[in-house]
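Down below is the structure, laid out as structure tokens.
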Amino acid sequence: MSIFVDETTKVIYQGLTGSQGSYYGRLNREYGTQVVAGTHPKKAGTDVDGVPIYANVAEAVQETGATASCIFIPAAGVRGAVMEAAEGGVTFIVAVTEGVPAHDEAHFYNQLKRDYPDVQLLGPNCPGIISPGKCNIGITAGHIAKAGGPVGIVSRSGTLTYQALYELKQKNIGVTTCVGIGGDPVPGTSFIDCLEAFETDPETKAIMMIGEIGGSAEEEAAEYIKDHVTKPVSSYIAGVTAPPGKKMGHAGAIVSGGKGTAQAKMEALEAAGVQVGNNPTEAGELMAEIVASF
Amino acid sequence: MDLFEYQGKQFFAEYGMPTSPGQIAFTVEEAVQAAEELGTPVMVKAQVHTGGRGKAGGVKFAANIEDVREHATNILGLDIKGHVVGRVWIEKASDIAEEYYASFTLDRSAKKHLGMLSKEGGVEIETVAEENPEAIAKIWVDPVDGLNEEECKEWVKAAALPDQAFDGAVDILMKLYEAYTSGDADLVEINPLILTPEGNVHVLDAKVTLDGNSIFRHEDYAQYDETQTRDERETAAHAKGLQYVGLEGSVGVIANGAGLAMSTVDVINQVGGKPANFLDIGGGANADVMAGALEVINNDPNVKAIFINIFGGITRGEEVANGILEAMQRVAIESPIVIRLDGTNADEGRAILEPNLSDSLLMEATMLDAAKTAVELAR
């Protein structure tokens, strides 16, 4: 099995008519994802490579029965696009867009929790989600992942996720689902959301968690693992030697006031029984050992 | 984007918060002129993007024009924790009865806005938090609801501010929240927020960090972008739109993706080297971006070797390899380059690089080996 999305998931692309949306929409479709609709307020009735365009998410849901949406809308429009998707009736929203203001994120995060508690938002500023062999929503190169499990991956970084998928594939290890939660200060989906889903997914036997400096999401995940996760976890945290007070590429990757350091996160994870690698390769090797022991 | 104190005060004033009249001065003469116009006594305050100005001698009281001249002469050009003072804020001096602290920032864990208020202001809030945490009254504000006045009043009561400061504090805090949200700030901090002997509550210092991602709806924020503290390398990288952070070492780093770039910096340290920078060129890694990145790294006199660490996802290995070779033709690189290319079509990409390898262009199969080689070359 997989978490959040599988071969039955029908997806709407908000921004399918744009350059990024049409490019990744096509790649996702070629991978096998059910790309059933796009939206554009002024282009309803047209199509992109045969995928019909509707005026908004609500109409697209009504016509296609889609349950998920993927947002390739410029940052200024993301807040509106997220709420449009939730109001339109989808229950899983992937916001790929980078550069969304933190106040917008905090606003729609809380608005969703209050008015649409069943909606799971992934991102913004994330590579998306892939259940290898079944469904790929976002910008991950599908062919670098081996299908089938037993490993589930959750990560704050795009390229480090790809690296992990690729290394596991080279070791002939499959992945149930790989979730990129993104590098922004208010991610819609947390490590804990994914850990919880992986823990209940029978095909996921082990979990790989890739974190980075900034915030306390890894520490909270460590607490959760200690109390609720029975499956083995390997981890890697990027930014051990990052200087304090500097944003390292991602808006959320910053050590401020001595908080959010990689050391503190690694210690918390180790204390929760997680096997922590010093670099991505080492974390991959630790996971290979875990899988070999099954 | 960090604002200077005076920019922060002007930002607060736009939202109707009471601040003292003042003027910015870049020279001693300008400082003197400002003081003459404002009327002494004034404060002469260094404008730098760092704390601890007072201890470093960057904040002085001037009773008369002679004092202003003396202090401005001493403060302009002063080095405060590596920040050289280029401008001073001349502000009408205030009488202080009491000093408080007030701030709003995002609590990433609670995913709500966090307001902090304390009647122990004028000192570092971290110190108060450590020594006397009960002295800080906290409020968590749901971004959807915003801060309402009743909650704000309860909050001020919880902080036990004296009665005469109550109304003024509530007024300022409501406006501070408005500035924080409407202004898309990561942080707004007033320390100290003062009560004057006449019973007025007043902003005496301002620390503001704005969200760079919000510029699309705040066109005037471009002015703050221009006054960010960046070294020469960071300025050049910023102009090219590259995600760059200058570091102190000798191994130049180019990687695609923030996580991989962070990881590359870590691995260089792990094998005993010192990275010269963090540089994320994004997912594509085409020739244009690569050439821009190499130019920035090449202009860093500390760089003795360059480590290009690329993972091909949707971008194929041969595109990456061709991009690197093309970029190398455009920029005359002075340091040896070590490449690690992995991911989609990595073999094809490596085959393209193979015939071009030399003492100044090396290739390694793994990130760890590439880091070791680059560190060795930088010695």
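Protein sequences, first through last, are from chains Z and E.
Per our numbering: the first sequence ends with 294, consecutive numbering throughout.
Per our numbering: the second sequence ends with 1379, consecutive numbering throughout.
All C-beta atoms, glycine included, are put in the ideal place defined by N, C-alpha and C.
- For Z:Thr189, no chain E residue has a Cβ inside 9 Å of its Cβ, as the nearest lies near 12 Å away.
- Counting only Cβ-Cβ distances below 8 Å, E:Met1367 has contacts in chain Z at Asn279, Pro280 and Thr281, in chain order.
- Within chain E, Val1245, Ala1258, Met1262 and Phe1278 have C-beta atoms less than 7 Å from the C-beta of Z:Met248, given in sequence order.
- The beta strand (DSSP E) runs lying completely inside the stretch 110-145 of chain Z and spanning 3 residues or more are 120-122, 128-131 and 135-138, given in chain order.
- Distance from the CA atom of E:Lys1111 to the CA atom of Z:Tyr109, rounded to whole angstroms, is 8 Å.
- With fewer than 16 neighbouring CB atoms inside 10 Å of its own CB, Z:His228 falls in the exposed class.
- Within chain Z, no C-beta atom comes less than 7 Å from the C-beta of E:Asp1225; the nearest is roughly 14 Å away.
- E:Asp1002 is bridged by DSSP to E:Thr1209.
- A residue is called buried once 16 or more other Cβ atoms fall within 10 Å of its Cβ, and E:Val1084, having fewer, is exposed.
- Under the Cβ distance rule, Z:Ile139 counts among the residues neighbouring chain E, one pair being separated by less than 8 Å.
- In the DSSP secondary-structure assignment, Z:Val48 is bridged to Z:Val51.
- Close CB contacts of Z:Ala268 within its chain, under the 8 Å cut and outside five residues either way in sequence, are with Glu218, Glu219, Ala222 and Glu223 (chain order).
- In this model, Z:Gly258 and Z:Glu196 are separated by some 29 Å (Cα to Cα).
- Non-local C-beta neighbours of Z:Asp6 in its own chain, meaning closer than 8 Å and more than five positions away in sequence, comprise Ser131, Lys134 and Cys135, ordered along the chain.
- Contacts with chain E at 8 Å (Cβ-Cβ) do not include Z:Arg26.
- Counting C-beta atoms within 10 angstroms of its own C-beta, Z:Asp47 has fewer than 16 neighbours from the protein chains shown and is therefore classed as exposed.
- Secondary structure within the stretch 1179-1267 of chain E: the beta strand (DSSP E) runs of 3 or more consecutive residues, fully enclosed, are 1185-1195, 1201-1203, 1207-1210, 1243-1246 and 1251-1255 (chain order).
- Per DSSP, the continuous alpha helix (DSSP H) segment holding E:Asn1298 begins and ends at Ala1287 to Asn1298.
- In this structure, DSSP gives Z:Thr33 a state outside helix and strand, which the three-state scheme calls coil.
- For Z:Asn110, the nearest beta carbon of chain E is closer than 8 Å to its own beta carbon.
- Taking a contact to require three or more Cβ pairs closer than 8 Å, the stretch 12-19 of chain Z and the stretch 63-72 of chain Z qualify as touching.
- In the displayed model, Z:Arg156 falls within coil according to three-state DSSP, outside both helix and strand.
- Taking the Cα of E:Thr1373 as reference, the smallest distance to any Cα among E:Ala1258, E:Asn1345, E:Leu1187 and E:Arg1340 is reached at E:Arg1340.
- Under the Cβ criterion of 8 Å, Z:Ala164 is not counted among the residues facing chain E.
- Using a Cβ-Cβ cut-off of 8 Å, Z:Ile144 is close to Gly1313, Gly1343 and Thr1344 of chain E, given in chain order.
- Pairing E:Val1042 with E:Ala1093 gives a Cβ-Cβ distance under 8 Å.
- DSSP lists E:Gly1312 as the bridge partner or partners of E:Gly1343.
- For E:Leu1076, the three-state secondary structure derived from DSSP is coil.
- When the Cα atoms are used, E:Leu1260 and E:Gly1039 turn out to be separated by approximately 56 Å.
- With a contact defined as Cβ atoms closer than 8 Å, Z:Asp49 and Z:Arg26 qualify at about 6 Å.
- Taking all protein chains in view, the Cβ of Z:Gln275 is crowded by 16 or more other Cβ atoms within 10 Å, so the residue is classified as buried.
- Z:Val82 carries a helical assignment under DSSP once its states are collapsed to helix, strand and coil.
- About 5 Å separates the Cβ atoms of E:Asp1300 and E:Arg1233, confirming a contact at the 8 Å cut-off.
- About 21 Å separates the beta carbons of E:Ala1291 and E:Arg1350, which is beyond the 8 Å limit, so they are not a contact pair.
- Residue environment for Z:Ala292: exposed (fewer than 16 other C-beta atoms within 10 angstroms of its C-beta).
- Judged by beta-carbon spacing, E:Met1262 lies within the 8 Å limit of Z:Ala253, meaning their Cβ atoms are closer than that value.
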